[in-house]
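These protein sequence lines are chains A and B, in that order.
For the first sequence, UniProt numbering gives the first residue as 1, with consecutive numbering after it.
For the second sequence, UniProt numbering gives the first residue as 1, with consecutive numbering after it.
Ideal placement from N, C-alpha and C gives every residue a C-beta, glycine not left out.
Presented below is the structure to which this report refers.
Protein chains: 2
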Amino acid sequence: MTEKEWITYLKKHLFEKPPVFKTYNEDCTVIQKEEQEFLLITTDALVETIHFKLDYYSFFDLGVKLANSNLSDIAACGGEPEWALLTLGSPIPVDVNWAEPFLQGLNQSLNKFGAHLVGGDTVKSPFFFFNLTLFGKTNFPILRKGAKEGDLIFVSRPLGGSSAFLRMVKTSPLKEIPENLKKAHLYPEPEIILGKELSSKNLATSAIDISDGLLLDLWRICEENSVGAELLQEAIPIEPGATLEDALSGGEDYALLFTVSPSNLHQIGEIETKLKRKFFCIGKILPEKDLYLVSEKKERLKLKPKGFDHFNFK
Amino acid sequence: MTEKEWITYLKKHLFEKPPVFKTYNEDCTVIQKEEQEFLLITTDALVETIHFKLDYYSFFDLGVKLANSNLSDIAACGGEPEWALLTLGSPIPVDVNWAEPFLQGLNQSLNKFGAHLVGGDTVKSPFFFFNLTLFGKTNFPILRKGAKEGDLIFVSRPLGGSSAFLRMVKTSPLKEIPENLKKAHLYPEPEIILGKELSSKNLATSAIDISDGLLLDLWRICEENSVGAELLQEAIPIEPGATLEDALSGGEDYALLFTVSPSNLHQIGEIETKLKRKFFCIGKILPEKDLYLVSEKKERLKLKPKGFDHFNFK
């Protein structure tokens with residue numbers, strides 16, 4: 001099965017009736033607690049050799065990355081993260097030398113956004129794996145569903161840095177890779193603050209965190225809403241040192257992609273001023289279910305949504 | 001580090017301030033929502049080659065076991081299970097042939113006790129692993145803390161069957177192993193109904209699910225309360241086909257161990273009548289921090305709390 005087939009298939013095994021608001025095709029499971037109070041839950045694992053290699057990840061880095069990839073899911077739903085549970089699978093005896101920096105990295109990232117580690121499970125395993133389940137809350141969950149024709153597509157920061165790092169680390173020693181690319185891959189900042197702003201103003205018509213590449217994640221928004229999208233190549237922010245291909249189809253950027261009705265554009269300016277940041281309008285939602293890139297020469301290319309494939313078992 | 005050292009060490013990395021009521025040394029993390037409303041969270045993983053082998057586990061069985069081991073933690077805290085998130089790590093392409101029976105087993109066990117699968121993550125992995133995070137709720141959480149000198153020690157059903165199965169499966173073909181032992185290991189029933197009864201009557205002074213062996217789990221109760229215990233050998237219920245050693249130190253029984261003040265003994269009788277079951281009073285709590293077994297010849301042996309060691313990395 002492809003990942004898409006699997007998610008479609010999973011639907012019949014997932015419970016999605018009140019108070020469970022949304023399960024599949026979302027960054028978080030959304031459960032309604034009160035009229036305007038929602039529980040957000042997400043879980044994300046890092047598996048040795050699949051998601052990381054210990055030759056370029058320290059245990060501190062792994063703790064940070066595990067926290068951030070989960071926090072990023074909460075951010076995409078406009079949530080405030082609260083509690084985390086860790087499952088730690090280890091092939092070697094648990095030892096302060098690696099457990100301490102791992103837990104420091106994990107807690108540092110969680111604590112930064114007001115979340116805390118409150119439990120878990122430690123098991124022996126043939127390989128290292130780390131699984132985090134993170135809970136959050138929000139009054140107004142942002143979903144993938146909601147983007148409409150004409151909505152403007154924003155990304156929160158330059159893309160492709162994480163992918164460029166992974167390309168370079170195959171051939172270059174770690175110390176020769178530019179710091180900004182290392183940071184993009186190892187310490188991707190979850191967009192919790194932005195997500196909360198968008199949620200509190202009920203401003204984003206849809207959102208997703210870019211974990212599997214811009215095109216693939218944008219296409220998930222499009223499919224969920226039976227729409228398409230047009231991107232302007234010159235508007236796509238690319239991390240210095242990365243390529244357009246990295247920005248379009250590289251994974252693990254953890255930037256936020258969100259759509260906004262053109263009539264609310266001025267409110268984005270207000271958030272930019274408040275947060276002292278700049279967000280990037282990279283295109284708009286189309287009525288037809290296709291993905292286009294308008295090149296710098298104004299050529300309109302039809303694209304295939306390509307990105308990180310979690311189900312590539314070759 | 002031993003498991004005990006690890007848990008002691010973990011304390012400093014776990015957040016345990018209001019509203020977080022209890023994190024380490026419990027079957028679940030307990031978070032207080034309202035004065036008499038508590039959220040219970042637990043997470044438990046099954047890892048290929050460590051916790052199961054596919055030569056005697058079907059994928060259906062694995063789904064059941066994963067659900068039951070987590071449900072059992074909720075049961076030990078007197079909770080009602082609600083929502084589950086699954087992380088599925090697979091070394092082979094996801095395929096209906098194994099995913100369908102796995103999800104059927106998982107959902108069948110969850111649904112039986114009113115819990116539902118509401119989300120998760122699927123990742124590629126060098127080996128199979130399954131991680132479940134389960135949420136529940138209760139008005140009166142049963143903790144390990146609370147057992148007092150003189151309290152009677154109960155177990156909910158005969159012990160040792162799971163351990164006897166694991167011993168036999170090393171040398172005998174699966175079909176030659178007695179059904180009751182197969183059932184004890186593969187389909188251990190979580191004591192949700194009993195846990196809820198004990199909680200609603202505020203009857204158990206402490207409880208734990210016997211996942212790592214009677215002696216080890218009883219000792220956890222003792223340590224948490226700075227007390228000891230005396231067991232009567234002839235009172236310990238042993239699953240037919242299992243040995244006393246299986247019952248004392250074998251893991252994965254998932255029976256409930258709980259303590260009750262002698263003044264409330266009549267209420268246990270009421271629950272037995274209501275549930276049409278019989279529970280087993282196997283000993284009592286002592287003031288001194290030691291563990292004794294009184295043999296059938298009335299000899300009093302001092303025991304070491306031995307059981308399944310999750311941290312045996314040899």
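Three-state secondary structure assigned by DSSP to residue i
i: B/N247; result: The question names Asn, yet the displayed sequence has Ala at residue 247 of chain B. B/A247 falls in the helix class under three-state DSSP.
i: B/C281; result: strand
i: A/S206; result: strand
i: A/G105; result: helix
i: B/E230; result: strand
i: B/A255; result: strand
i: A/I271; result: helix
i: B/T133; result: strand
i: A/K31; result: Checking the displayed sequence, the identity of residue 31 of chain A turns out to be Ile instead of Lys. Correct three-state label for A/I31: strand.
i: A/K124; result: strand
i: B/V294; result: strand
i: B/G119; result: strand
i: B/V20; result: strand
i: A/K4; result: helix
i: B/I221; result: helix
i: B/V94; result: coil
i: A/L301; result: strand
i: A/L14; result: coil
i: A/I238; result: strand
Cα-Cα separation, residue i to residue j
i: A/F59; j: A/Y187; result: 13 Å
i: B/A204; j: B/E270; result: 14 Å
i: residue 347 of chain B; j: B/L39; result: Residue 347 of chain B falls outside the range modelled here, since chain B spans only 1 to 314, and no answer is possible.
i: A/H13; j: A/A115; result: 30 Å
i: B/K170; j: B/G161; result: 15 Å
i: A/G195; j: A/D44; result: 19 Å
i: A/I221; j: B/N139; result: 40 Å
i: B/S109; j: A/I177; result: 50 Å
i: B/T197; j: B/E35; result: Going by the sequence as given, residue 197 of chain B is Glu instead of Thr. One C-alpha to the other measures close to 20 Å.
i: B/K183; j: B/P173; result: 15 Å
i: A/L303; j: A/D217; result: 13 Å
i: A/P81; j: B/L117; result: 21 Å
i: B/L165; j: B/I236; result: Sequence check: residue 165 of chain B is Phe here, not Leu. Rounded to the nearest angstrom, the two C-alpha atoms are 19 Å apart.
i: A/F258; j: A/F102; result: 32 Å
i: B/L286; j: B/L106; result: 40 Å
i: B/C77; j: B/F113; result: 15 Å
i: A/P305; j: B/H185; result: 46 Å
i: B/E48; j: A/T42; result: 24 Å
i: A/G228; j: A/F128; result: 40 Å
i: A/P71; j: A/N202; result: Looking at the sequence itself, residue 71 of chain A is Leu, so the reference to Pro does not match. For A/L71 and A/N202, the distance between alpha carbons rounds to 20 Å.
i: B/K17; j: B/C28; result: 16 Å
i: B/R167; j: B/P262; result: 37 Å
i: A/N111; j: B/N180; result: 48 Å
i: B/S211; j: B/G146; result: 20 Å
i: B/E37; j: A/L301; result: 56 Å
i: B/D209; j: A/A84; result: 23 Å
i: B/L293; j: B/A75; result: 27 Å
i: B/T273; j: B/I193; result: 14 Å
i: A/E223; j: A/K53; result: 33 Å
i: A/R3; j: A/K33; result: One point to set straight first is that residue 3 of chain A is Glu, not Arg, in the sequence displayed. Rounded to the nearest angstrom, the two C-alpha atoms are 30 Å apart.
i: B/T23; j: B/F15; result: 8 Å
beta-carbon residue i near the ligand PLP non-hydrogen atom, thresh 7 Å
i: A/K65; result: The ligand PLP is not among the ligands present in this structure, which contains no ligands whatsoever.
What are the residues of the region 104-138 of chain A that lie near chain C, defined by any Cβ-Cβ distance shorter than 7 Å?
The structure shown contains no chain C; its protein chains are A and B.
Please specify which runs of the beta strand (DSSP E), each continuous and at least 3 residues long, are wholly inside the region 37-89 of chain A, giving them in chain order.
37-47
Report yes or no: do the region 57-75 of chain A and the region 131-140 of chain A share at least 3 C-beta pairs separated by less than 8 Å?
Touching, yes, given that three or more Cβ pairs across the two stretches are closer than 8 Å.
Give a yes or no on contact between the region 76-96 of chain A and the region 108-125 of chain A, applying the rule of three or more CB pairs nearer than 8 Å.
yes
Report the start-end ranges of each alpha helix (DSSP H) in the region 135-164 of chain B that is 4 residues or longer and not cut off at the edges.
none
For the UniProt domain "PurM-like C-terminal" (148-293) of chain A, which residues have a beta carbon sitting closer than 9 Å to at least one beta carbon of chain B?
none
Do the region 279-287 of chain B and the region 230-241 of chain B make contact, defined as three or more Cβ pairs closer than 8 Å?
yes
Residues, ordered as in the chain, of the region 36-69 of chain A that lie near chain B by beta-carbon distance below 7 Å:
I41, T43, D44, A45, V47, T49, I50
Sufficient close CB pairs (3 or more, under 8 Å) joining the region 253-265 of chain B to the region 149-161 of chain B:
yes
Assess, as a yes-or-no matter, whether the region 2-17 of chain A is touched by the region 93-111 of chain B under the definition of 3 or more beta carbon pairs within less than 8 Å.
yes
Three Cβ pairs or more, each shorter than 8 Å: is that satisfied between the region 147-154 of chain B and the region 237-245 of chain B?
no
Mind checking the region 92-103 of chain A against chain B and listing, in chain order, the residues whose C-beta falls within less than 8 Å of any C-beta there?
I92, P93, V94, D95, V96, A99, L103
Taking beta-carbon pairs under 8 Å, can you tell me which members of the region 13-25 of chain B lie near chain A?
The residues in question are H13, L14, F15, E16, V20, T23, Y24.
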